[in-house]
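**Q** Residue numbers (the working numbering), protein chains in the order written: chain A, 1 to 415; chain B, 1 to 132.
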Amino acid sequence: MATANKTVLYPVHTSLGATMGGFCGWDMSLWYPTGAVKEHLAVLSGAGLFDTSHMGVILAEGQGLRLFINRAVTKDISDLKIGRAGYAIVLDENGYTVDDTIVYPLYEGAPADRFALVVNAGNTQPVIAHLKQLPGGSDIKWTDLAGELSKFDLQGPASFKIMKTLVANPESVFDSLPYFSFKGEFDLSLSKVKLTDGTPILLSRTGYTGELGFEIFLPNDRAVPVWEALLEAGKPFGTIPCGLAARDSLRAGAVLPLSHKDIGAWPFINNPWPFALPYAADGTFTKDFHGKDALLKAAGTADYTLPFIGFDPRKVDEHSGKVLQGDREIGIVLSAVADMSLGRVEGQVFGLGSPEKPAGFNPKGLVCGFVKVAENLPVGTVVSIKDDRRALKIEIVGDIRPGRTARWPLKKAGA
Amino acid sequence: MKELNELILPTNVKYHADHEWVSAAAPFKLGISDYAQDALGALTYVELPEVGAKLTLGEEFGTLESTKSVSPLISPVNGTVKAINESLSDNPDLVNSDPYGEGWIIEIEMEASELAPLLDAAAYKALLENQA
Chain A
1 MATANKTVLY PVHTSLGATM GGFCGWDMSL WYPTGAVKEH LAVLSGAGLF
51 DTSHMGVILA EGQGLRLFIN RAVTKDISDL KIGRAGYAIV LDENGYTVDD
101 TIVYPLYEGA PADRFALVVN AGNTQPVIAH LKQLPGGSDI KWTDLAGELS
151 KFDLQGPASF KIMKTLVANP ESVFDSLPYF SFKGEFDLSL SKVKLTDGTP
201 ILLSRTGYTG ELGFEIFLPN DRAVPVWEAL LEAGKPFGTI PCGLAARDSL
251 RAGAVLPLSH KDIGAWPFIN NPWPFALPYA ADGTFTKDFH GKDALLKAAG
301 TADYTLPFIG FDPRKVDEHS GKVLQGDREI GIVLSAVADM SLGRVEGQVF
351 GLGSPEKPAG FNPKGLVCGF VKVAENLPVG TVVSIKDDRR ALKIEIVGDI
401 RPGRTARWPL KKAGA
Chain B
1 MKELNELILP TNVKYHADHE WVSAAAPFKL GISDYAQDAL GALTYVELPE
51 VGAKLTLGEE FGTLESTKSV SPLISPVNGT VKAINESLSD NPDLVNSDPY
101 GEGWIIEIEM EASELAPLLD AAAYKALLEN QA
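(1) Less than 8 angstroms between the beta carbons of B:L43 and B:S66, yes or no?
(2) Starting from A:T124 and walking both ways along the alpha helix (DSSP H), at which residues does that stretch end?
(3) Could you tell me whether the region 352 to 359 of chain A touches the region 80 to 91 of chain B, using the rule of 3 or more Cβ pairs below 8 angstroms?
(4) Can you confirm whether the region 97 to 110 of chain B touches the region 282 to 292 of chain A when touching is taken to mean that 3 or more C-beta pairs between the two stretches lie within less than 8 angstroms?
(5) Within a Cβ cutoff of 7 angstroms, which residues of the same chain sit near B:L55, ignoring the five residues on either side of it in sequence?
(6) Between the region 319 to 327 of chain A and the region 368 to 388 of chain A, can you find at least three pairs of beta-carbon atoms closer than 8 angstroms?
(7) Please name the residue in A:G243, A:G25, A:N169 and A:G184 whose C-alpha comes closest to that of A:Q155.
(8) List, in order along the chain, the chain B residues whose C-beta lies closer than 9 angstroms to that of A:A338?
(9) For A:F370, which of A:G300, A:L277, A:H260 and A:L295 has the nearest alpha-carbon?
(10) Hey, quick one: how far does the alpha helix (DSSP H) through A:R247 stretch, first residue to last?
(11) Taking 8 angstroms as the cut-off, does the region 120 to 132 of chain A touch the region 193 to 202 of chain A (at least 3 CB pairs, one atom from each stretch)?
(12) Spell out the partners DSSP gives A:W266 in its beta bridges.
(13) Quick one: residues in its chain with C-beta nearer than 6 angstroms to the C-beta of A:A294, no 5 flanking neighbours on either side, listed in chain order?
(14) Would you mind listing the beta strand (DSSP E) stretches within the region 14 to 71 of chain A that are 3+ residues and don't spill past its ends, in chain order?
(15) Suppose only complete runs of 3+ residues qualify. What are the beta strand (DSSP E) ranges in the region 2 to 40 of chain B, listed by chain order?
(16) In terms of alpha-carbon separation, which member of A:D312, A:G253, A:Y279 and A:H290 lies closest to A:L306?
(17) Can you list, in chain order, the residues of the region 238 to 250 of chain A whose Cβ is nearer than 8 angstroms to any Cβ on chain B?
(18) Closer than 9 angstroms between beta carbons: that is the criterion. Which residues of the region 33 to 65 of chain A meet it against chain B?
(19) Can you list, in chain order, the residues of its chain whose CB lies under 7 angstroms from that of B:P72, leaving out five sequence neighbours each side?
(20) Could you pull out every residue in the same chain whose Cβ sits closer than 8 angstroms to the Cβ of A:R390, ignoring the five residues on either side in sequence?
(21) A:K261 touches chain B at which residues, Cβ-Cβ below 7 angstroms?
(22) When the Cα of A:D320 is compared with those of A:F311, A:G310 and A:A336, which residue comes out closest?
(23) Considering only residues of the same chain and omitting the five flanking positions on each side of A:P111, which have a CB-CB separation below 7 angstroms?
(24) Output the distance between the C-alpha atoms of B:V70 and B:A25, rounded to the nearest integer angstrom.
(25) Rounded to the nearest angstrom, how far is the Cβ of A:L218 from that of A:L166, given a contact under 8 angstroms?
(26) DSSP beta-bridge partners for A:A116?
(27) Assuming contact is defined by CB atoms lying nearer than 8 angstroms, are A:I162 and A:A233 in contact in what I supplied?
(28) Which residues bound the beta strand (DSSP E) around A:A88?
(29) What are the boundary residues of the beta strand (DSSP E) that includes A:D339?
(30) Whose Cβ in chain E lies nearer than 8 angstroms to the Cβ of A:W31?
(31) For a contact meaning CB atoms closer than 7 angstroms, what does B:M110 contact in chain A?
(32) Return the CA-CA distance between A:K194 and A:A168, expressed in angstroms with no decimal places.
(33) Tell me, to the nearest whole angstrom, how far the beta carbon of A:G83 is from that of A:S204; I am working on the premise that it is less than 8 angstroms.
(34) Cβ of B:Y15 within 8 angstroms of Cβ of B:Y124?
(35) In angstroms with no decimal places, state the Cα-to-Cα distance between A:Q418 and A:L30.
(36) From A:T143 to B:E129, what does the alpha carbon distance come to, in whole angstroms?
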């Protein structure tokens, strides 16, 4: 690990007693002494704070950027307003995933348009190299901003109440800030959004947990005081620092893919993320994008990626797990994690966030995640996942963790 | 992660290099060390053997699971499972919060001589220091 990247907050994590581990070339906190289960639950009941400064931020500057990016990613961003963010996939010519990304249109006009792409840790250079070789890509100025920025995710139903105590001019900043919108600039010297202590930020109402929350981009030299201020302001809501293990168990239950695990070197189609594709009513696509022809060709033959929930928290190995229908092997396990907020009551899945959960609901956790199988199994199908140790029954589902809060109106979140 | 000098290493148990402990005198309980619980992180499930199951030195008899991982429990002795800690099915985190007490995993029927190859607290600490 001698050459691993470290976030600015690394010494803070180690002094908090975090268990550190390698992730995509970064030495990151996996969990703190409170443990990943309590961190997961804190995000569902109040808020959790994640250091996600390992993620990549690519700034694109040039002419006609909207057209270029609309051809480079799956999602139709032709109408994506400045101030709104869009989840999209960058595909290669085979329709395979290079990375998933959030596209931020920042500015259009003279002297140059500005868009940003937030990508996964370790993927900044591969994504830039890929985009550069597309037609027109070499005319665009590509800048890797990640070295200058820290990024924290404040996630959970209390995150708005916490955030509004720390942001200057909260009335205007939080006015019209629905899910997948943002305020500010990635070039923080241009950003008009500031914390009460004067720190310029980009505030994005996005996240990777399925819960209400924000991704906060800020200058490295303000990382430590802002981290401390967020934890302090979050104290009344039970806010604790959270590591990558809780991030993983939260995102799986929110039916969000992990790049190069649940999406990867196979066609990005027949999966739970059709909203990232520009589908027309007839199943074709409404626009051209790199990888489109390969996807259309693959649609009839490609494997199906499907979410599942098990019947207890036990797992199989994510790297060797197979999917069996009877004795027939029909696919592989992509992700299998225990979401300890879930339980079954008479077969039905409830979560701690379910509004209609039964009285006294005390979940023992359920395994959940994604499988990739050769046929489109209907919701409710029970199959097995199996590794060298055990075989477990799982149910194919349409959704995983009930009662998620990511889309709450801020009016509700602030009440 | 706990620093080595923060680890609780009682002297009334014997340790195996796989980070399990067995009581130094009957009744012979078995659990995992403070080092092991800290390294595994918060447990979400403990898969226990049946009472009466045979234990063979070096063989898997159960699992400890966190949100992400499944780790085998490897028997440090030969013997028979005399009792299992039923409270772990509702509270697997007892292994984290009290690894030598409420977080015991099984009780074993075995010959006292099975303890001979196991390490005392000082030797186990030395082993952890060498790993670090």
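Backbone N, C-alpha and C fix where the C-beta goes; we use that ideal spot for every residue, glycine too.
**A** Let me lay it out:
(1) yes
(2) T124 to K132
(3) no
(4) no
(5) F61, S75, V77, N78, G79, T80, V81 and I108, listed in sequence order.
(6) yes
(7) In this structure, A:G243 is the residue among A:G243, A:G25, A:N169 and A:G184 with its C-alpha nearest to the C-alpha of A:Q155.
(8) Within 9 angstroms Cβ-Cβ: T44, Y45, E65, S66, T67 and K68.
(9) Across the set A:G300, A:L277, A:H260 and A:L295, the C-alpha of A:H260 shows the shortest separation from the C-alpha of A:F370.
(10) L244 to G253
(11) no
(12) DSSP output for A:W266 lists no bridge partner at all.
(13) N94 and G95
(14) 19 to 23, 26 to 31, 48 to 51 and 56 to 62
(15) 13 to 15, 20 to 23 and 28 to 32
(16) A:G253
(17) A245, A246, D248 and S249
(18) P33, T34, G35, A36, V37, K38, E39 and H40
(19) E60 and T63
(20) R314 and V316
(21) Those within 7 angstroms of A:K261 in chain B number zero; the least Cβ separation is about 12 angstroms.
(22) Before going on, a small fix: residue 320 of chain A reads as Ser here, not Asp. Ranking A:F311, A:G310 and A:A336 by Cα distance to A:S320 puts A:A336 first.
(23) none
(24) Answer to the nearest angstrom: the Cα atoms are 30 angstroms apart.
(25) Contact doesn't hold; Cβ gap of about 11 angstroms is too wide.
(26) A:L59 and A:Y104
(27) yes
(28) G86 to L91
(29) R328 to D339
(30) Protein chains in the displayed structure are A and B, and chain E is not among them.
(31) By Cβ distance, chain A contributes nothing, its closest Cβ being about 25 angstroms from B:M110, past 7 angstroms.
(32) One C-alpha to the other measures close to 6 angstroms.
(33) At roughly 10 angstroms, the Cβ-Cβ gap does not stay under 8 angstroms, so A:G83 and A:S204 are not in contact.
(34) Cβ distance < 8 angstroms, so B:Y15 and B:Y124 count as in contact.
(35) The question about residue 418 of chain A has no answer, for chain A in this structure spans 1 to 415.
(36) The alpha-carbon of A:T143 is positioned some 45 angstroms away from that of B:E129.
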